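Here is the structure we will look at, set down as structure tokens.
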Amino acid sequence: MTQLEGMDVSSASPHRSPDTEAVHAGREDLAALGLHAAPLDLSTTYPSHDSRAEAARLDEFAATGALPPGPPVYARLDNPTVARFERALARLEGTGAAVAFASGMAALTAVVLARAARGLRHVVAVRPLYGCSDHLLGGGLLGTEVTWTDPAGIAAARRPDTGLVVVETPANPTLAEIDLTAVAESCGPVPLLADNTFATPVLQRPAGHGARFVLHSATKYLGGHGDVLGGVVACDEETARELRKVRFATGGVLHPLAGYLLLRGLATLPVRMRAQSATAAELARRLADDPRVARVHYPRIGGAMVSFEVHGDPHEVIAGVRLITPAVSLGSVDTLIQHPASISHRVVGPADRRAGGIGEKLLRMSVGLEDVEDLWHDLDTALGARRGTAERASAGAGEGAGEGAGGGELSARPSAPRREPERAGR
1425 MTQLEGMDVS SASPHRSPDT EAVHAGREDL AALGLHAAPL DLSTTYPSHD
1475 SRAEAARLDE FAATGALPPG PPVYARLDNP TVARFERALA RLEGTGAAVA
1525 FASGMAALTA VVLARAARGL RHVVAVRPLY GCSDHLLGGG LLGTEVTWTD
1575 PAGIAAARRP DTGLVVVETP ANPTLAEIDL TAVAESCGPV PLLADNTFAT
1625 PVLQRPAGHG ARFVLHSATK YLGGHGDVLG GVVACDEETA RELRKVRFAT
1675 GGVLHPLAGY LLLRGLATLP VRMRAQSATA AELARRLADD PRVARVHYPR
1725 IGGAMVSFEV HGDPHEVIAG VRLITPAVSL GSVDTLIQHP ASISHRVVGP
1775 ADRRAGGIGE KLLRMSVGLE DVEDLWHDLD TALGARRGTA ERASAGAGEG
1825 AGEGAGGGEL SARPSAPRRE PERAGR
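Following my numbering, the numbering of the sequence shown begins with 1425 at its first residue and continues without gaps.
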């Protein structure tokens, strides 16, 4: 019998807030086990003297994708530490299950393969997406065909062989937002995958708006410290069974140490997101008032991401920061900045980048937990000394990215982050 077998840990107490669930989900049995911290199980295989029973358990998994009762058989099928993280993330997203993978891209790949296994190889997707997600869907690596559209065109883009609709909100890197409820209605019978990496379940829970797959690059805010790589899909149990079979066959498993770190990261996720969002909103306000900045993008839902377009050379800003780390990725406790057209979205062709609102002047910043005054001093220095109107006059209308990309563009003070997940993304 597993440690959690016989315990009802599938749903949150109606009296518990998300903050409490973040601390306790996945850890419900620890006190009964005489433990305070979650154990780390590094086993790759698990012994059993009953090979007939093992055969029956494997047959059941192959047929249904349901995790077999009792101890795991092999780490590619299941791991107790990773399972704790999966249960906790499902609790926070309000879904029946979650399936963890080695990276966010492995998680997206598993979803696409699971749909393709049903003969549904056509994908409808809305730009912008994370650059590698865009490349995976459009590059033909998995034998898929993608139709790119805006949210209003989803219903018309659907075909009999459409297996998936993919959106990201707020989007990477423009922070454009999508009405998930309206999009889910446009999908009809086709399942919606919503990348919730930027918002996290602290700011929005897409499953409550009709998304069947909720994707996270767990590397980002769920881990929160820039020291773990992982991905996860929150979904219902039926869907999770399909994804577990793909994970077992392809081997894109999350390492137990990563599962341990991600479970630990969830405990502080709400606190980190609130603090980082408050600093991001203040930096967005200051950038919007700065004559060296052409346009600022900050989502109505809030969050810790800020994108902005400069009048000058964005590469000089990257070269000029000293406190802020010039690096790809996001969601860490320290602030990161990068130039999407050069790094995160380099694999997307120039014309497609422009179509997604990703221009050459755009910078993306992931705001950490540093003091806002220290961050602003670093940004102010990196932006350079010129505050006159010469650069603004020479910039030209439409120079930057994001025109027509949707809400979140600032010309003055940004709105404060919203805390209520049910009102997120409006």
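Glycine included, each C-beta is placed from N, C-alpha and C at the ideal position.
Computed from a predicted structure; not experimentally measured.
Can the beta-carbon of Leu1707 be found less than 8 Å from the beta-carbon of Leu1799?
It is a contact, given that the beta carbons lie within the stated cut-off.
Opposite His1546 in the DSSP bridges: which residues?
DSSP, once it has assigned bridges, lists Glu1569, Thr1586 as partnering His1546.
Could you compute how far the alpha carbon of Lys1644 sits from the alpha carbon of Arg1476?
Taking the straight line joining both Cα atoms gives about 42 Å.
Report buried or exposed for Pro1774, applying the criterion of at least 16 other Cβ atoms within 10 angstroms of its Cβ.
Pro1774 should be labelled exposed.
Please state if the CB of Glu1733 and the CB of Leu1786 are separated by a distance shorter than 8 Å.
Yes, the pair counts as a contact, with Cβ atoms nearer than the cut-off.
Please report the straight-line C-alpha distance between Ala1829 and Gly1648, rounded to a whole angstrom.
At Ala1829, the pLDDT of 37 sits below 50, so the modelled position is not reliable and the matter cannot be decided from this model.
Does DSSP put Asp1802 in a helix, a strand or coil?
Asp1802 falls in the helix class under three-state DSSP.
Roughly how many angstroms separate the alpha carbons of Ala1530 and Ala1521, rounded to a whole number?
Each residue's Cα considered, the two are about 17 Å apart.
Hey, could you find the ends of the alpha helix (DSSP H) Ala1618 is sitting in?
It is not in any alpha helix (DSSP H) - Ala1618 instead sits in the beta strand (DSSP E) that spans 1616-1619.
Looking at the secondary structure, which residues open and close the alpha helix (DSSP H) in which Gly1528 lies?
Segment 1528-1540, the alpha helix (DSSP H) holding Gly1528.
Indicate whether the contact test is met: 3 or more Cβ pairs, each with one atom in the region 1482-1493 and one in the region 1614-1625, closer than 8 Å.
Judged by Cβ distances under 8 Å, the region 1482-1493 makes no contact with the region 1614-1625, as fewer than three pairs qualify.
Put Glu1733 into one of helix, strand or coil per three-state DSSP.
In this structure, Glu1733 counts as strand in the three-state DSSP scheme.
Contact between the region 1654-1668 and the region 1508-1525 is defined here as three or more beta-carbon pairs at a separation below 8 Å; is this criterion met?
Yes, the region 1654-1668 touches the region 1508-1525.
Going straight from the alpha carbon of Ala1712 to that of Leu1807, what length do you get?
So the alpha carbons of these two residues sit roughly 13 Å apart.
Using only CA atoms, which one of Val1547, Ala1595, Pro1694 lies nearest to Ala1581?
It is Val1547.
When you compare only the Cα positions, how much space is there between Ser1557 and Asp1574?
Distance between the alpha carbons of Ser1557 and Asp1574 is about 16 Å.
Going residue by residue through the region 1619-1704, where are the continuous beta strand (DSSP E) segments of at least 3 residues, counting only ones entirely within it?
Those beta strand (DSSP E) runs which fall completely within the region 1619-1704 and span 3+ residues are 1637-1641, 1655-1659.
Using the rule of at least 16 other Cβ atoms within 10 Å of the residue's Cβ for burial, across every protein chain shown, is Ser1641 buried or exposed?
Buried is the call here.
Tell me, to the nearest whole angstrom, how far the beta carbon of Thr1663 is from that of Gly1634; I am working on the premise that it is less than 8 Å.
So it is not a contact: roughly 14 Å between Cβ atoms.
Exposed or buried, Ala1588, counting other C-beta atoms within 10 Å across all chains shown (16 or more means buried)?
A small correction: the amino acid at residue 1588 is Leu; Ala does not occupy that position in the sequence shown. Under this definition Leu1588 is a buried residue.
From Tyr1470 to Val1497, what does the alpha carbon distance come to, in whole angstroms?
Distance between the alpha carbons of Tyr1470 and Val1497: 5 Å.
When burial is assigned at 16 or more other CB atoms within 10 Å of the CB, is Leu1681 buried or exposed?
Flag for Leu1681 reads exposed.
Can you name, in chain order, every residue of its own chain whose Cβ lies under 7 Å from the Cβ of Ser1467, other than the five neighbours on each side?
So the qualifying residues of the chain are Ala1499.
Quick one, which of Ala1704, His1735, Gly1736, Ala1743 has its alpha-carbon nearest Arg1724's?
Here the closest residue by C-alpha is Ala1704.
For a test of the three-state rule: what should DSSP assign to Leu1760, helix, strand or coil?
Three-state DSSP puts Leu1760 in a strand.
Could you check the C-alpha separation between Pro1495 and Asp1483 for me, to the nearest Å?
If you take the alpha carbons of Pro1495 and Asp1483, they lie about 16 Å apart.
DSSP three-state label for Ala1460, please.
According to the sequence shown, residue 1460 is His rather than Ala. Three-state result, His1460: coil.
At the level of alpha carbons, what is the spacing between Ser1731 and Arg1788?
Their Cα atoms are separated by approximately 4 Å.
Around the Cβ of Gly1781, are there at least 16 other Cβ atoms within 10 angstroms (buried) or fewer (exposed)?
Flag for Gly1781 reads buried.
Can you tell me whether DSSP reads Ala1472 as helix, strand or coil?
Checking the displayed sequence, the identity of residue 1472 turns out to be Ser instead of Ala. In the structure shown, Ser1472 sits in coil (DSSP, three-state: anything other than H, G, I, E or B).
Should Pro1594 go down as buried or exposed, given a rule of 16 or more other Cβ atoms within 10 Å for buried?
Buried.
Give me, in chain order, the residues of the same chain whose beta-carbon lies closer than 6 Å to that of Glu1592; leave out the 5 immediate sequence neighbours on both sides.
Around Glu1592: Leu1553, Asp1619.
Between which two residues does the beta strand (DSSP E) containing Val1720 stretch?
Residues 1717-1721.
Can you tell me the Cα-Cα spacing of Gly1675 and Gly1736, whole angstroms?
Roughly 46 Å between the two C-alpha positions.
What does a CB cutoff of less than 7 Å around Phe1509 pick up in its chain, not counting 5 residues either side in sequence?
Taken in chain order, the residues that qualify are Gly1450, Ala1524, Gly1683, Leu1686, Leu1687.
Helix, strand or coil: which one does DSSP assign to Leu1793?
Note: Leu1793 maps to coil in three-state DSSP.
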